[in-house]
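Chemist: Numbering of the sequence shown is given in our numbering, commencing with residue 14 and proceeding in unit increments.
Sharing a structure, written as C-alpha cells. Questions coming.
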Amino acid sequence: MTSNQHEVACSTCGNMVPTRVAERAHEFPYWKQPGGGCPACVQQHLLRTLLERGEPAFHMSVQAAWPLDAEAVFGVLPTRLRMHADPRYSGRGITLALLDSGFYPHADLVKPQNRIRAWVDATRDPMKALEFATGETPAWPGWNAAHDSQWHGTMTSVAAAGNGHLSHGIYSGMAAGADVVLIQVRGADGHISSESICRGLRWLEKNATRLGVRVVSMSVSGDPVEQLAGNPVDEAVATLVEQGVVVVAAAGNDGVRRLIPPATAPWALTVGGIDDHNEFERDEVELWHSNYGEASNGVPKPELVAPSIWVAAPILPGTAAATEAVDLLLRYRVGDTTAEVEVHARKLITPHYQHVDGTSFAAPLVASAVACMLEANPALTPPLVRDILRETAHPVEGASRERQGAGVLDAGRAVARALTDKHGGGVKLGVTVSAAGVAFVLHDHHAQRVQVAGSWNQWQHPFLETARGEHGFWQTAPVPLPAGRHEYKFVLDGGQWLDDPANSHKVHDSLGGFNSVVEVRAGGA
Numbered sequence: 014m015t016s017n018q019h020e021v022a023c024s025t026c027g028n029m030v031p032t033r034v035a036e037r038a039h040e041f042p043y044w045k046q047p048g049g050g051c052p053a054c055v056q057q058h059l060l061r062t063l064l065e066r067g068e069p070a071f072h073m074s075v076q077a078a079w080p081l082d083a084e085a086v087f088g089v090l091p092t093r094l095r096m097h098a099d100p101r102y103s104g105r106g107i108t109l110a111l112l113d114s115g116f117y118p119h120a121d122l123v124k125p126q127n128r129i130r131a132w133v134d135a136t137r138d139p140m141k142a143l144e145f146a147t148g149e150t151p152a153w154p155g156w157n158a159a160h161d162s163q164w165h166g167t168m169t170s171v172a173a174a175g176n177g178h179l180s181h182g183i184y185s186g187m188a189a190g191a192d193v194v195l196i197q198v199r200g201a202d203g204h205i206s207s208e209s210i211c212r213g214l215r216w217l218e219k220n221a222t223r224l225g226v227r228v229v230s231m232s233v234s235g236d237p238v239e240q241l242a243g244n245p246v247d248e249a250v251a252t253l254v255e256q257g258v259v260v261v262a263a264a265g266n267d268g269v270r271r272l273i274p275p276a277t278a279p280w281a282l283t284v285g286g287i288d289d290h291n292e293f294e295r296d297e298v299e300l301w302h303s304n305y306g307e308a309s310n311g312v313p314k315p316e317l318v319a320p321s322i323w324v325a326a327p328i329l330p331g332t333a334a335a336t337e338a339v340d341l342l343l344r345y346r347v348g349d350t351t352a353e354v355e356v357h358a359r360k361l362i363t364p365h366y367q368h369v370d371g372t373s374f375a376a377p378l379v380a381s382a383v384a385c386m387l388e389a390n391p392a393l394t395p396p397l398v399r400d401i402l403r404e405t406a407h408p409v410e411g412a413s414r415e416r417q418g419a420g421v422l423d424a425g426r427a428v429a430r431a432l433t434d435k436h437g438g439g440v441k442l443g444v445t446v447s448a449a450g451v452a453f454v455l456h457d458h459h460a461q462r463v464q465v466a467g468s469w470n471q472w473q474h475p476f477l478e479t480a481r482g483e484h485g486f487w488q489t490a491p492v493p494l495p496a497g498r499h500e501y502k503f504v505l506d507g508g509q510w511l512d513d514p515a516n517s518h519k520v521h522d523s524l525g526g527f528n529s530v531v532e533v534r535a536g537g538a
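Put into C-alpha cells, the structure is as follows:
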C-alpha cells in the first residue's frame, strides 16, 4: 500500500478520507482547522464564508482551486448545513421507506455500495417486489426508462438519503448512511390512487421488521375523500405506527385549508413548508404556501414545518434535461448570458443537481432527521419521536399555529434530545447556566477526550476539561463566567471542533463555521 492510499479522519466530521485528499484542505486560506479535511467539509466551510463575507466572485476562486464540478454554480445551501444537522449521525442502521411516483437507482444511493434494500411496484395486485444485497447493482422493470414518473421519487429519496456521491459529498441528505426501500405508487395512467398507497403501506406492515424499516416518508396525495372517518389510508398508517414505524406525510402545496390522504392520517407526522430564503438566520424564515387543516380525529395539521424551497435534489440521469444541464452549465461557465438566464430558470446547481420546491421535499427532510434520531436512540417510539420533534421545533414568528404546528424542524436539537431520552432524560445536554456557573455537556461514545474552547479566554489553552460520566456523557464542572455573551465549541480528541448540537443559538465563527452561544446574566442565573 502506498502512502497516497492511507486514510485519515477529517478534522471536522471525523469521516475517513485519503491522506492526499485531506491535505489539500490546507491549500485554502479559509481553512483554519488544525487537521486536514474531506472535500464536503472544505466546500461547506467555503460556502459558509461566502455567505458571511458576501464576496460576489468567491465561488469562482473556489472552483479554480478545488472544483466540485467544472461547471458548478454555487448558490444553494447543502441540506445538512442548512438543517444544522449533527455530523456524527446519518441514519446508519436504519432503513427509510419512501412512497412516491417512481424511482431511479441514483449513484447517490448505490455508490460506493448499494443502499437500496428493495423496490416495490404497488400499482398492481399482485404487487411486484425485488430485494437487493449491498454488493448488488439494483435494477427493476423500467429502471432506465428516463420517464418523467421516475423523477419525483428520485428527487425525494436522494434529498433524504443520498450520500452526495456526484458532488463529493456536499449535497448529501441527513440520512446519508441509511438504507432505503422504494415503493412505486403511480400507475401507468399517471394516477396515484389511495388503493396503491394502501397496498404499499400493507406491504410494509408485513416486511418492515425484516428489512429494518423504522421510518416511512410519503410525498404523494391519494384520492380526495368527503368524509375522513374510515379512510383506508389513514387506517393503514395507524397500523404501521402501532408496529413502531414513524410515518411522515407531505401536507400539499395549494396553500388552502384542505388535506388529502395520507396527510389526513391522525398518526402520521404531517409536514408543511417554509421558505428560509436560502439563509441561516431564523428571522428570515416565513411560511410557504402549504396546505393545513384537521385530521379525521380533529387533530390540527401540520404538526411541523420544514424547508420546502431551495432544496438540493438530483436531475434524473439519462433524460433530455440532464443533457441540457451539462450544455447550459458549460456555456454559463464561459459567460454566455443566454445560458445564464436558462441556468437560473431551470434552478440548476451543477450538471447533476438542481434546487426544487414543494412539501414533497419538506417531508423527506423530516423523515431523514427521524432516521438520525433513531440511530442515536433506537428505542424511540413513534409517539416519543413526535413529542421530541414538536418540543425542539422553533415557531415561525408572526405565523398562526394552525399553519405551522409546533414550528420549524431543528434536526440538531432533535438528535440531542433523542440522546438524552436514551438514558432516561436525567442529563441535560448542551449548556446550563446557574448560580454556580456555566456547565457544558456533550454525549459521545467514541471520543477519548472532550474539551470546551471559548471566547472567554480568546480561544486559548488551557481549554475547559470535561469528565466522562455514565453512558457517554461528558460534562464540565460549573465554570464561573462573567456576565455577557460567550461563544464556544467542543473539541473532541484535540482535533475535531464541533459546535454544540443541542444549542440552536449559533453565530458565524469568521472561519466558515459556527460557534455556539451562551448568555450569562449578571448574578449568573
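Ideal Cβ positions, reconstructed from N, Cα and C, are used throughout, including at glycine.
As the structure is a computational prediction, the values presented were derived from the model and not from experiment.
Measuring CB to CB, does L402 end up less than 7 Å from R227?
Modeler: no
Chemist: For G268, which residues from the same chain have a beta carbon less than 6 Å from its beta carbon, with the 5 sequence-adjacent residues on both sides left out?
Modeler: H302
Chemist: With DSSP as the reference, identify every bridge partner of V369, one or two as the case may be.
Modeler: Partner(s): V324.
Chemist: Give me the residue from P275, I107, A334 with the minimum Cα distance to V284.
Modeler: Comparing C-alpha distances from V284 to each of P275, I107, A334 shows the shortest one belongs to P275.
Chemist: Between P491 and A449, is the Cβ-Cβ spacing less than 7 Å?
Modeler: yes
Chemist: Taking V530 and E500 to be in contact with their CB atoms under 8 Å, please state how far apart those CB atoms are, rounded to whole angstroms.
Modeler: 6 Å
Chemist: If you draw a straight line from the alpha carbon of Q488 to that of G467, how long is it in whole angstroms?
Modeler: 15 Å
Chemist: From A496 to V451, what does the alpha carbon distance come to, in whole angstroms?
Modeler: 11 Å
Chemist: In the DSSP output, which residue or residues are listed as bridge partners for W132?
Modeler: W132 pairs with L143, L195.
Chemist: Leaving out five residues on either side along the sequence, give the residues of the same chain with a beta carbon under 7 Å from the beta carbon of E307.
Modeler: P313, K314
Chemist: Spatial neighbours of H178 within its chain, please: C-beta separation below 8 Å, excluding the five flanking residues on both sides.
Modeler: Around H178: A120, D121, K124, P125.
Chemist: How should S74 be labelled, buried or exposed, when 16 other C-beta atoms within 10 angstroms of its C-beta is the threshold for buried?
Modeler: Because S74 carries a pLDDT of 47, less than 50, the predicted location of this residue cannot be relied on, and the following value inherits that uncertainty. Answer is exposed; the Cβ neighbour count stays below 16.
Chemist: List the endpoints of the continuous beta strand (DSSP E) containing A452.
Modeler: Start and end: 450 to 456.
Chemist: Mind pulling the beta strand (DSSP E) runs of 3 or more residues that sit fully within the segment 458 to 485?
Modeler: 463 to 467
Chemist: Can you grab the Cα-Cα spacing for the pair A22 / Q367, in whole Å?
Modeler: 30 Å
Chemist: Going by beta-carbon coordinates alone, are H456 and G425 separated by less than 7 Å?
Modeler: no
Chemist: Less than 7 Å between the C-beta atoms of L272 and N304, yes or no?
Modeler: The answer is yes: Cβ separation under 7 Å.
Chemist: Going by alpha carbons, who is nearest to V383 out of D370, D423, L112, D349?
Modeler: D423
Chemist: Would you mind sorting P139 into buried or exposed? The rule is 16 or more other CB atoms within 10 Å of its CB.
Modeler: By the neighbour-count rule (16 or more Cβ atoms within 10 Å), P139 is not buried but exposed.
Chemist: Over the uninterrupted alpha helix (DSSP H) stretch that includes S207, give me the two end residues.
Modeler: 207 to 224
Chemist: Cα-Cα, which of W153, D512, P100, I205 is closest to T136?
Modeler: Of W153, D512, P100, I205, the smallest CA-CA separation from T136 is found for I205.
Chemist: Assign P395 to one of three DSSP states: helix, strand, or coil.
Modeler: helix
Chemist: Would you identify the three-state DSSP class for Y550, choosing helix, strand or coil?
Modeler: The shown model of the chain, from 14 to 538, leaves out residue 550, and the question about it has no answer.
Chemist: Taking 7 Å as the limit between beta carbons, can you name the residues of its chain near Y117, skipping five residues before and five after?
Modeler: Only W156, Q163, T167, L329, P330 meet the Cβ criterion.
Chemist: Quick check: F527 and V465, are their CB atoms within less than 7 Å of each other?
Modeler: Not closer than 7 Å, so no.
Chemist: Is the Cβ-Cβ distance between R105 and G190 less than 7 Å?
Modeler: Yes. Within cutoff.
Chemist: Does any residue of chain D have a CB that is nearer than 7 Å to the CB of A35?
Modeler: No chain D appears in this structure, which consists of one protein chain only.
Chemist: Suppose you measure from the CA of L214 to the CA of H357; what does that come to, to the nearest Å?
Modeler: Going from the Cα of L214 to the Cα of H357 covers about 38 Å.
Chemist: Rounded to whole angstroms, what's the CA-CA distance from N291 to V89? Just pull it up for me.
Modeler: 7 Å
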